[in-house]
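Everything on this sheet refers to the single structure shown next.
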Ligand code: HEM
Ligand SMILES: [Cu+2]
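Residue numbers (UniProt numbering), protein chains in the order written: chain A, 1 to 205; chain B, 1 to 630.
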């Protein structure tokens with residue numbers, strides 16, 4: 001039947017740049033997609049927490065201790081402070097500052113690693129094991145979910161940082177740094193409601 | 001102008017896969033990946049259909065002892081889980097994978113390797129469920145496995161774990177696919193294809209992808225919680241320790257209800273494409289259709305509680321969800337009105353793809369009516385867990401999704417293979433399937449009203465259900481025969497069908513501009529779009545732009561709302577890493593059925609595989625770290 005349709009060339013795209021940054025970049029949208037998915041995961045886990053809380057007669061259930069405030073407070077403060085270097089790296093990526101993104105990403109890898117220390121103590125000071133009761137389970141669920149995100153982004157930062165030192169850095173790599181930095185901000189923002197739920201919801205009741 | 005042969009040759013060299021097995025394992029060509037998805041899912045549809053026939057055989061006479069209750073439980077669990085998680089959703093994703101880049105005049109998906117990863121992981125889910133079945137660890141608690149029945153106390157062994165982990169596989173695959181489809185549609189449209197000029201098909205796929213992103217995390221979360229209850233003794237669902245079994249139902253149906261629309265919304269995309277082409281006119285009410293799909297997408301998230309009317313929720317809750325469930329009939333009705341208006345006012349012809357659309361409309365309306373009936377909490381209390389529900393769910397799933405899918409299959413088959421399917425056998429298959437289906441499933445409404453419960457392996461003789469059950473079985477057998485005719489037609493036409501040429505139907509959208517089957521690079525130039533139906537320009541040459549590289553893999557990235565060209569993006573080539581990564585993830589998923597240590601330990605090979613995946617192919621740094629200057 002019909003052959004392929006003919007074309008009339010009306011212009012060229014050859015003068016377009018070969019990269020972009022921010023929301024103009026394709027990968028930026030992929031990153032947003034995964035944030036939507038994981039953010040939904042956090043919202044639903046938080047909903048599960050609230051649901052169990054409303055079903056229980058006391059929260060935490062009688063006999064369960066309140067989760068410790070010290071290490072979680074240190075972790076939260078550290079996480080919030082880490083946003084300062086993180087936003088600085090973001091600025092360097094946008095300004096295409098090579099030394100800035102190299103050393104900034106390396107610094108972020110070290111900072112994330114350091115945060116594992118208070119996070120470890122935080123688990124230890126929850127005061128109850130996950131298998132004690134549903135309260136214990138859901139608290140652990142929230143904390144594990146968030147920790148997985150910290151670990152993932154830390155791994156990503158380490159690998160990205162190494163490649164920034166070993167390989168040439170072009171526009172696409174600056175865009176990668178930008179995405180990685182946005183993702184860290186996402187991990188920080190997700191923590192705040194989770195922190196309030198785990199540590200302050202039981203105290204508010 | 002015809003593109004220069006040397007240009008096409010160069011494009012082909014850039015985009016074709018390595019030959020042989022290595023090419024098979026490393027391909028990132030969206031068409032090959034989609035074809036794999038489709039073939040696998042159709043095979044599974046056949047297997048699950050055989051299970052269904054087996055169940056119908058068992059139910060054809062009362063007090064039949066051919067199947068044991070346990071075998072019957074396994075059969076409907078495997079049938080339902082396969083049909084929903086391994087057939088319907090993946091088929092819809094696969095259609096998006098295959099068609100979206102072609103309809104955009106783009107060379108590949110936004111994230112080619114993620115596409116390959118998605119398929120391999122889906123395939124891992126297929127193997128998990130069916131290999132487990134082969135070694136007799138078949139899930140046996142239905143397609144939603146409620147605790148406490150599925151909890152550690154009542155379901156020792158690994159049947160429930162297999163079900164839960166199969167879900168994890170397929171949902172990760174579906175999520176990866178959705179991000180890919182959404183990013184492609186939002187960022188890779190050709191110049192001129194503003195949001196207002198985007199075909200309904202692309203809207204449908206975009207909205208279904210976004211719905212997937214918001215709903216599937218719920219089922220991943222809840223099945224992970226179930227596995228944790230079973231493996232490390234968390235207490236989420238154990239009432240004795242402050243847990244709550246209804247929490248499972250809420251989370252499951254927060255996903256489960258949108259799931260039905262994740263299957264249905266892409267089907268509305270197929271219907272829109274087919275109706276437009278065969279009515280030979282622009283869809284009547286394009287923006288009404290788009291708004292209807294958007295509102296179905298939004299409403300679908302407010303309805304999950306209607307699956308739980310029997311739980312005993314507060315009265316007001318039931319009333320609210322009754323009303324909300326009925327509200328969804330409004331956009332669905334508007335869509336049907338727009339399609340019928342298009343058909344009625346166009347110069348319409350009715351080859352097989354269009355017949356499927358008629359079959360869809362008729363069947364879906366019946367399914368919708370029984371849906372409105374069960375949406376009423378009062379009536380649902382009577383009907384839930386009876387055959388009325390079995391009838392309803394098959395009417396909406398088969399009528400609302402599988403019929404449009406068959407129509408889509410016939411419609412795009414020539415594009416994919418370069419050959420036409422036989423019209424005569426296509427009509428035979430259509431009559432057998434639609435006739436057999438209605439004969440087989442309509443009586444189930446009556447059986448339900450007479451009180452026959454679902455999920456029973458047999459029934460006593462004096463209930464008076466024999467006759468209707470026999471009709472149901474006969475109808476099912478006819479429908480399955482029709483399915484075999486359909487498959488035989490597709491197979492024979494692959495080798496013997498009449499050559500179709502690029503555009504046998506006079507289609508309205510860009511996939512018809514390129515050769516059939518499309519070459520590895522899809523289309524030689526970037527088309528420029530001036531209307532909703534770019535192919536209908538009176539046969540004149542298509543306006544197009546050159547300048548996207550032909551000697552390296554490159555795609556055009558444009559802006560989200562008005563599709564302004566922004567930049568040229570490198571596109572990933574063939575790679576073994578998606579397969580390696582999928583294997584690493586599969587190993588972790590399977591091992592985590594047995595030990596929680598699988599998660600931290602299994603993360604290491606996954607990390608290694610991802611590092612290989614993203615390994616830079618740019619040159620090594622020339623300036624040392626320390627003297628790096630800004
Ligand atoms: C000719 C084709 C088909 C036949 C004869 C058939 C037959 C059956 C039968 C006999 C049952 C068990 C009912 C019970 O005992 O409760 C069932 C359940 C089910 N079927 Fe089908 N079916 C067919 C196709 C499909 C398709 C295409 C889908 C989905 C797209 C589907 C989805 C389901 C689901 C979700 C269940 C419920 C399983 C459960 O109770 O957990 N079926 N079907
Ligand atoms: Cu529903």
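Every residue gets a Cβ at the ideal spot worked out from N, C-alpha and C, and that includes glycine.
Being a predicted model, the structure only gives us computed values, none of them experimental.
Handout entry: Min CB distance residue 225/B to chain A below 9 angstroms
Key = yes
Exercise for the section: Figure out for me which residue from 167/B, 504/B, 144/B, 140/B has the closest Cα to the Cα of residue 155/B. Expected result: 140/B
Exercise for the section: In angstroms with no decimal places, state the Cα-to-Cα distance between residue 2/A and residue 362/B. Expected result: Confidence in residue 2/A is poor, its pLDDT being 49 and thus under 50, which makes the residue's placement unreliable; the coordinate value appears in the next sentence. So the alpha carbons of these two residues sit roughly 34 angstroms apart.
Handout entry: Contact test: residue 88/A Cβ vs ligand 2 heavy atom, cutoff 8 angstroms
Key = no
Practice task
Could you tell me how far apart the beta carbons of residue 546/B and residue 9/A are, in whole angstroms, since I believe they sit closer than 8 angstroms?
Solution key: 6 angstroms
Practice task
Report yes if the C-beta of residue 159/B is less than 8 angstroms from at least one heavy atom of ligand 4; otherwise report no.
Solution key: Ligand 4 is not part of the structure shown, which contains ligand 1 and ligand 2 as its ligands.
Exercise for the section: Determine the contact status of residue 507/B and residue 325/B, defining contact as a CB-CB distance below 9 angstroms. Expected result: no
Handout entry: Stretch-stretch touch, CB-based, cutoff 8 angstroms, three pairs: the stretch 11 to 20 of chain B with the stretch 38 to 58 of chain B
Key = no
Practice task
Would you mind sorting residue 569/B into buried or exposed? The rule is 16 or more other CB atoms within 10 Å of its CB.
Solution key: buried
Exercise for the section: With DSSP collapsed to three states, give me the class of residue 168/B. Expected result: helix
Exercise for the section: Let me know the secondary structure DSSP gives residue 240/B once reduced to three states. Expected result: helix
Exercise for the section: Closer than 9 angstroms, Cβ to Cβ, to anything on chain A: give me those residues from the stretch 533 to 547 of chain B, in chain order. Expected result: 535, 539, 540, 541, 542, 543, 544, 545, 546, 547
Handout entry: Integer-rounded CB distance, given that residue 475/B should sit under 8 angstroms from residue 525/B
Key = Wrong, their Cβ atoms sit about 51 angstroms apart, outside the cutoff.
Handout entry: Same chain, Cβ closer than 6 angstroms to residue 584/B, neighbours up to 5 away in sequence not counted
Key = 605, 606, 609
Handout entry: Nearest to residue 28/B (by Cα), restricted to the options 101/B, 251/B, 128/B, 448/B
Key = 101/B
Problem - Interface flag, residue 2/A vs chain B, CB-CB below 9 angstroms - result: Its pLDDT being 49, under 50, residue 2/A is placed unreliably by the model, and nothing is read from it.
Practice task
Can you give me the start and stop residues for the alpha helix (DSSP H) that residue 96/A sits inside?
Solution key: No alpha helix (DSSP H) contains residue 96/A, which DSSP labels as neither H nor E.
Problem - Beta-carbon separation (whole angstroms), residue 392/B vs residue 418/B, contact threshold 8 angstroms - result: With a Cβ gap of about 40 angstroms, residue 392/B and residue 418/B do not count as contacting.
Problem - Nearest-angstrom beta carbon gap, residue 353/B and residue 278/B [assumed within contact, 8 angstroms] - result: 7 angstroms
Handout entry: Contact check, residue 186/A vs residue 39/A, beta carbons under 9 angstroms
Key = yes
Exercise for the section: Go through its chain and collect everything with a Cβ distance to residue 104/A's Cβ below 7 angstroms, but skip five positions before and after it. Expected result: 85, 88, 89, 92
Practice task
Indicate whether at least one CB of chain A lies closer than 9 angstroms to the CB of residue 635/B.
Solution key: Past the boundaries of the shown model lies residue 635/B; chain B is included only from 1 to 630, so the question cannot be answered.
Practice task
Along the alpha helix (DSSP H) that carries residue 565/B, what are the first and last residues, could you check?
Solution key: Not the alpha helix (DSSP H): residue 565/B falls in the beta strand (DSSP E), residues 565 to 570.
Problem - Environment of residue 4/A [buried if 16+ CB atoms lie within 10 Å] - result: buried
Problem - CA-to-CA distance, residue 60/B to residue 207/B, given in whole angstroms - result: 41 angstroms
Exercise for the section: Could you name the residues that DSSP lists as bridge partners for residue 545/B? Expected result: 11/A, 526/B
Practice task
Answer yes if the stretch 145 to 161 of chain A comes into contact with the stretch 104 to 122 of chain A, meaning at least three C-beta pairs across the two stretches below 8 angstroms, and no otherwise.
Solution key: yes
Handout entry: Under the three-state DSSP convention, the category residue 1/A falls into
Key = Unreliable placement is indicated for residue 1/A, whose pLDDT of 39 sits below 50; the coordinate value is still reported in the next sentence. Three-state result, residue 1/A: coil.
Practice task
Report the three-state DSSP secondary structure of residue 271/B (helix, strand or coil).
Solution key: helix
Practice task
Please write down, chain order preserved, every residue whose beta carbon lies under 6 angstroms from a heavy atom of ligand 2.
Solution key: 257/B, 260/B, 303/B, 306/B, 307/B
Problem - Cutoff 9 angstroms: residue 216/B Cβ touching any chain A Cβ - result: yes
Exercise for the section: Please determine if the stretch 147 to 154 of chain B and the stretch 253 to 268 of chain B are in contact, where contact requires at least 3 C-beta pairs separated by less than 8 angstroms. Expected result: no
Problem - Simplified DSSP state of residue 74/B, which is helix, strand or coil - result: helix
Problem - The alpha helix (DSSP H) enclosing residue 586/B, as first and last residue numbers - result: 577 to 591
Practice task
Look up residue 158/B in the DSSP assignment and say whether it is helix, strand or coil.
Solution key: coil
Handout entry: Buried versus exposed call for residue 617/B [16 or more other C-beta atoms within 10 Å across all chains shown]
Key = exposed
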